[in-house]
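Asker:
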Amino acid sequence: MPSSISSAPLLPELVTTTDEFDRITRACLPDFLDRATGHIRRFLRETGQWSDDGGHEKLALRWGYELVEQFLIYGRAAVPCRPTLFLDSLIARHLSQPDPLCHHKDLATPLGGFLHGLANRATVSRDALMALFFHWYGWNQGHIIRVLGLGLPESQRVYKNFDRWRQSGWERAMLGTGLTSEELQSLDSRRRRQGAQLNAESVPLLRLIQSHYRKSEPAHYPCLDRTQWISLYEEDCGYDYRAWHLPLCHECVSVVYALRQPETLPSGALMLDVQIHPPAGGRVLTLGPTPRNESRGDSHEHRSPRERLSSTTH
Ligand SMILES: [Zn+2]
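Note that the working numbering has the sequence shown beginning at 288, numbered continuously upward.
#1: Taking Val411 as the reference, give the member of Ser518, Glu353, Cys368 and Lys447 with the closest Cα.
#2: To the nearest angstrom, how far is the alpha carbon of Leu559 from that of Arg329?
#3: Within the same chain, show all residues whose beta-carbon is closer than 6 Å to that of Thr573, passing over the 5 residues directly before and after it, in chain order.
#4: Find out if the Cβ-Cβ distance for the pair Arg413, Ala530 is shorter than 9 Å.
#5: In this structure, how does DSSP classify Val411 when only helix, strand and coil are distinguished?
#6: So if DSSP puts Val302 in a beta bridge, which residue, or which two residues, is it bridged to?
#7: If you drop the 5 nearest sequence neighbours on each side, which residues of the same chain put their C-beta closer than 7 Å to that of Thr324?
#8: Who are the near neighbours of Pro578 in its chain, counting only those whose CB is closer than 6 Å to its CB and skipping five residues on each side?
#9: I want to check one thing, is the minimum distance from the CB of His532 to the heavy atoms of ligand 1 below 8 Å?
#10: For ligand 1, I want to know if Arg501 counts as a neighbour, meaning its beta carbon is within less than 8 Å of at least one of the ligand's heavy atoms.
#11: Is it true that the CB of Ala409 sits closer than 9 Å to the CB of Pro491?
#12: When the Cα atoms are used, what is the spatial distance from Cys539 to Cys510?
#13: Taking 8 Å as the line, does the beta carbon of Leu519 fall inside it for any heavy atom of ligand 1?
#14: Are Asp475 and His564 close, meaning C-beta to C-beta below 9 Å?
#15: Give me the pocket residues for ligand 1, defined as CB within less than 5 Å of any heavy atom, sorted by chain position.
#16: Just to check, is the beta-carbon of Ala487 closer than 8 Å to a non-hydrogen atom of ligand 2?
#17: Just curious, the alpha helix (DSSP H) that Asp450 is in, first and last residue?
#18: Who are the Cβ neighbours of Asn580 in its own chain at under 8 Å, not counting the five residues just before and after it?
#19: Ignore the nearest five residues each way along the sequence and tell me which others in Tyr544's own chain have a CB closer than 7 Å to its CB.
#20: For chain D, is any of its Cβ atoms less than 9 Å away from the one on Leu519?
#21: Between which two residues does the alpha helix (DSSP H) carrying Gln481 extend?
#22: Could you have a look at Glu307 and say whether DSSP puts it in helix, strand or coil?
#23: Using the Cβ count rule (16 or more neighbours within 10 Å means buried), how would you classify Glu458?
#24: Out of Thr304, Ile496 and Tyr526, state which residue places its alpha-carbon closest to the alpha-carbon of Phe401.
#25: Taking the Cβ atom as the reference point for each residue, do Ala460 and Asn407 lie within a distance shorter than 9 Å?
#26: Alpha carbon to alpha carbon, what distance is there between Phe358 and Phe373?
#27: Might you give, ordered along the chain, the residues of its own chain that have their beta carbon closer than 7 Å to the beta carbon of Arg369, omitting 5 neighbours on each side?
#28: Is DSSP giving Met417 helix, strand or coil here?
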């Protein structure tokens, strides 16, 4: 094909319905992506952060993809709108933020891209949000339920989150990172051979990524100290707080982990145990009997004083 641009449908001036927005964005997705990637390349050049190599091309593509994803969400909500102008203004706003995350060179590595892709997906998907606990720390559903102190309805949601993540969520998130299956495979084989090193490399990346994404939280979701976390659990409130803040805050989740540590996990401080692929195996969605030493969050009276930091069902 001589030129993909000449054969593409023209981007419309004005879109007046969401159906039309969906149709146009589907048909013109490669054009929107080209446009976004072009903006990023120019931004990197103008800020002296560009080199003509595959790594930078990939970074521009990954970043452009991320912006187009936001455009699909926010643009749809902004109908009637002029999609091209909307995309341009969204990118301009993004690049004018004091510290746009994506031009950080460390995130151009497969590991950085992988960790970043997961967190990015978690901003729009609860399945991805819950899966962060698995990918950062290797927790299963029971561990999450225990640490977050969830009641029965919320616990069942976690099982569903994992199920959907396993079936399609992980794959969709990985498509968004621009990583190839070879790169993912190679990360996974590093995890098996040199897990400790991979985890150590992930620590600063995670700190960078998490602090960026927490900025998008509402102002009333700041970090809490140990006493505040204890009372939040004792008062059996703030389920959303736990679910949104903890996957994206290693400091706070470390505090809560020390207080509610599942006994089936290694004792001591919370350590990263990065997982590349989604959790294996299908699980029945309804909760079975609570595994030994793990809580469903709905019966805890028998626990030790340390474990009293827990919630009950409503
Ligand atoms: Zn925090």
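Think of the CB as a built atom: it goes at the ideal place given N, C-alpha and C, for glycine as much as any other residue.
Answerer: According to the data block:
#1: Glu353
#2: 36 Å
#3: For Thr573, the predicted model reports a pLDDT of 37, less than 50, meaning its position is unreliable and no value from the coordinates is stated.
#4: yes
#5: coil
#6: Cys368
#7: Ala347, Leu348 and Gly351
#8: Because the pLDDT of Pro578 is 38, which lies under 50, any placement of that residue in the model is unreliable, and the question is left without a value.
#9: yes
#10: yes
#11: no
#12: 7 Å
#13: no
#14: yes
#15: Cys510, Cys536 and Cys539
#16: Absence of ligand 2 is noted for the structure shown, with ligand 1 being the only ligands found.
#17: Leu439 to Arg451
#18: The pLDDT assigned to Asn580 is 37, lower than 50, so where the model puts this residue is not dependable, and the model offers no usable value.
#19: Val434 and Leu557
#20: This model lacks chain D altogether, as it is built from one protein chain only.
#21: Note, Gln481: premise wrong, no alpha helix (DSSP H); not H, not E.
#22: helix
#23: exposed
#24: Ile496
#25: yes
#26: 8 Å
#27: Glu300 and Leu301
#28: helix
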